[in-house]
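Shown next, in C-alpha cells, is the structure this report addresses.
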Amino acid sequence: MKKVHFFRIILFLFIIAFPIFNMNLKNNQVSDIDNRKLIEFSEIFSGENIPQNIEGYIGDRIGFRTEMVNLYTKGMDILFNEMIHPSYQCGKDGYIFSKLKESETDKEFQEVYSDFILNFQNYCIDRGIKFLYAAEPSKTTVYSEFLPDGYNYNNENFECFLSLLKDKNVNYLYTGEALIDAKSSKQVFDKKYDANHWNETGAIIGISSILDRLNDLDSRVDKFDINKFEAVEYTNTTLPVSHFDINEKTTHYNLKKDNSLSITDFRNEIKQSKQFTYFANYKNPNNKDAPKILIFAGSYFQGRDKFLTENFSEVIRIHNYHNVIDYDYYINVFNPDIVLFESTEYTHSDYYFPLDKMKNTTYNKELKNYSNLSESKFAYIKDNTFKKSDTNLTSFSIPIEGEKLSYVYADISNRILDCRVKEINGKQEVEFSIPTSEIKNLSKFSLYLISEDESRIANLSCNLN
3 MKKVHFFRII
13 LFLFIIAFPI
23 FNMNLKNNQV
33 SDIDNRKLIE
43 FSEIFSGENI
53 PQNIEGYIGD
63 RIGFRTEMVN
73 LYTKGMDILF
83 NEMIHPSYQC
93 GKDGYIFSKL
103 KESETDKEFQ
113 EVYSDFILNF
123 QNYCIDRGIK
133 FLYAAEPSKT
143 TVYSEFLPDG
153 YNYNNENFEC
163 FLSLLKDKNV
173 NYLYTGEALI
183 DAKSSKQVFD
193 KKYDANHWNE
203 TGAIIGISSI
213 LDRLNDLDSR
223 VDKFDINKFE
233 AVEYTNTTLP
243 VSHFDINEKT
253 THYNLKKDNS
263 LSITDFRNEI
273 KQSKQFTYFA
283 NYKNPNNKDA
293 PKILIFAGSY
303 FQGRDKFLTE
313 NFSEVIRIHN
323 YHNVIDYDYY
333 INVFNPDIVL
343 FESTEYTHSD
353 YYFPLDKMKN
363 TTYNKELKNY
373 SNLSESKFAY
383 IKDNTFKKSD
393 TNLTSFSIPI
403 EGEKLSYVYA
413 DISNRILDCR
423 VKEINGKQEV
433 EFSIPTSEIK
443 NLSKFSLYLI
453 SEDESRIANL
463 SCNLN
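Numbering (my numbering), first residue to last: 3 to 467.
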C-alpha cells in the first residue's frame, strides 16, 4: 500500500513539475494563440511590479500553454457554448470580436500623432510628392450593434483624432463611412473569422474609396475595377492565430489577369523595425505611365496588394508601425510620386507609433530654404572617396569633422536626398541610402552641410568608385 501511495505522490509531483521543466526560455517568442510577444526574462525586473512580472513570465512560458488553452477553450465551447479565449469574445447574433477593453481618450497621443501626420504631409508636398492619410475603422466600430450586452461602446478617442486631422487641414480619408454605408447590403467584416480586419469585400470597399481620392490627386491613378476580379467562395475553418474551430463561408476575389511582377531586390537590405517587417514591392510593366506609390500600411493591407497593383506603375508597401518614423529614408530609397499612409483606429498607441520618436525625430527642411546662405568651410571630410555597394542598395555613413551641423543634403544622381545627422561617441556622421542602380555610372556627388545656427552652408565634393 505504501508503494502505491508513494507512486501516486511521485506521479502528482511529476504532473506539476513537467510543464515547468518544459518552459519556453527562448528569446523573441510569439504566441500562436493570442498573437503577441511573450514576456522576456529581462523584462521581469524592469518594471515596478516584480511579483506580477514573474507571474506573467511563468504564465506566458510554462510548458504546454498552447495545448492547455486549446483544451480549455474547446471544452467550454462544447459543454457550455461559451467562448473563453485570450484574444476573442462573442457578441450578439454569432459575431466574434477581439477581446474588448475599456476605451480611454488619450488626447496627448492623438495631438502628437495628428501633428506627425501633418508634418509628414507637409514634408511630401514640399518635395512635390502627393500625400493621403487613410484611417480605417475597427470591426467594433462598424458592427457596434452586435457587441455583447453590458459593454459600453465609446469611440471618443478616435473621434477626437479625426477632429484634429480636420482642424489641421490634413488630407485624409476615413474609410469607415464607406464601410458603414455598405454593410446593409454586404458583409464587410466576417461575422466570426477575423475580429481584427476587414474581409476582402470590405477591403475592396475601403481601398476603392482610397483609389477614388488618389485619382482626385493624380488622374493617372485608375479607379478600382471590379470586372478585373473573379469572386470565389472560400471557407474558413479556424479563427486566425487560434485553434478555435469555425465553419464560415466568405468571398475572395482573384485577379483574372495579374500583370504585376514581384520585386525582391530590397527585401533583405532596407532598414526596418525588427518587430514589424511586412514589405512588398511590385512593378506593373503594363501600366508604365501610372505613378509610383509608397504605402505605409498595417495588417489591413496585408494580402490585399492585388487590389492596388493594376492601378500603379510600382507599389511599395512598408509595415507602418515604427517604420513610418523613417519616412525620409524610404522616400530617398524609392523616390515615389505618391505617398499613402494608413492606420487603423485600434493601433493608435505608443506601442505602434512611439510618442518620443514622433516628437523628437528631426526631418530636413527643404533645401531651397537655404539658397541665400553664404558659403563657408566650417566642416569637412577627411576622406572624400566612397565605394559603391555590390548589393542592390548603397548606404553611406560619412564621418564629418569640424563644427556641428543642423541638416545635410546629398546632391546625387540628379536628386536631392535628405540625410540624417547622427552623433556617435561625440563624432558626427551623415547617413543616407540610394539604390545602387541609380549610381552605377556615377563618379561624383556633393554634400551640402548646413551649420547648427542655419546661417552658413558648406559644399563638399565626393568621389565614387
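Glycine included, each C-beta is placed from N, C-alpha and C at the ideal position.
Asked	Found
Please state the DSSP three-state secondary structure of Q112.	helix
Taking contact to mean at least 3 C-beta pairs separated by less than 8 Å, is the segment 274 to 286 in contact with the segment 222 to 232?	no
If you follow the beta strand (DSSP E) that F246 is in, where does it begin and where does it stop?	Neither: F246 is in no beta strand (DSSP E) and is coded neither H nor E.
Examine the Cβ distances between the segment 265 to 275 and the segment 290 to 302 and report whether three or more of them are shorter than 8 Å.	no
When the Cα atoms are used, what is the spatial distance from Y90 to K101?	5 Å
Give every residue of the same chain whose Cβ lies closer than 7 Å to the Cβ of F191, excluding the five residues on either side of it in the sequence, and list them in chain order.	K141, V144, Y145, W200, N201 and G204
For R422, which of helix, strand or coil comes out of DSSP?	strand
Just to confirm before moving on: does the CB-CB distance between P139 and L167 stay below 8 Å?	no
Find the nearest neighbour of K170 within the set G130, P242, E179 and N124, judged by alpha-carbon distance.	N124
Looking at the ligand GDP, does it come within less than 7 Å of I295, judged from the CB to the closest heavy atom?	Among the ligands in the structure shown, none appear at all, so the ligand GDP cannot be discussed.
Which ranges does the beta strand (DSSP E) cover as unbroken runs of at least 3 residues, wholly within the segment 156 to 239, from first to last along the chain?	174 to 176
The alpha helix (DSSP H) spanning I333 covers which residue range?	Y329 to F336
Within the segment 362 to 447, note down every full beta strand (DSSP E) run reaching 3 residues or more, in order along the chain.	395 to 404, 407 to 414, 417 to 426 and 429 to 437
Comparing C-alpha positions only, which one of F148, E456 and D455 sits nearest to D95?	F148
Indicate whether the contact test is met: 3 or more Cβ pairs, each with one atom in the segment 344 to 355 and one in the segment 364 to 375, closer than 8 Å.	no
Tell me, which residues are paired with K294 by DSSP?	E316
Counting along the chain, where does the alpha helix (DSSP H) carrying V341 start and finish?	V341 -> not in any alpha helix (DSSP H); beta strand (DSSP E) instead, spanning I340 to T346.
Using only the alpha-carbon positions, how far apart do N83 and G152 sit?	Caution is warranted here: a pLDDT of 49 is assigned to N83, below 50, making its placement in the model unreliable, and the coordinate value is therefore given only provisionally. Distance between the alpha carbons of N83 and G152: 19 Å.
Would you decide whether E344 is buried or exposed? Buried here means 16 or more other CB atoms lie within 10 Å of its CB.	buried
Could you tell me which of D117, Y97 and Y284 sits nearest to R269, measuring between CA atoms?	Y284
Just how far apart, CA to CA, sit E104 and P150?	13 Å
Mind checking I320: buried by the 16 CB within 10 Å criterion, or exposed?	buried
State the Cα-Cα distance for the pair N322 and N217, rounded to the nearest angstrom.	23 Å
If K132 and D220 are in contact, beta carbons under 8 Å, what's the gap, nearest whole angstrom?	6 Å
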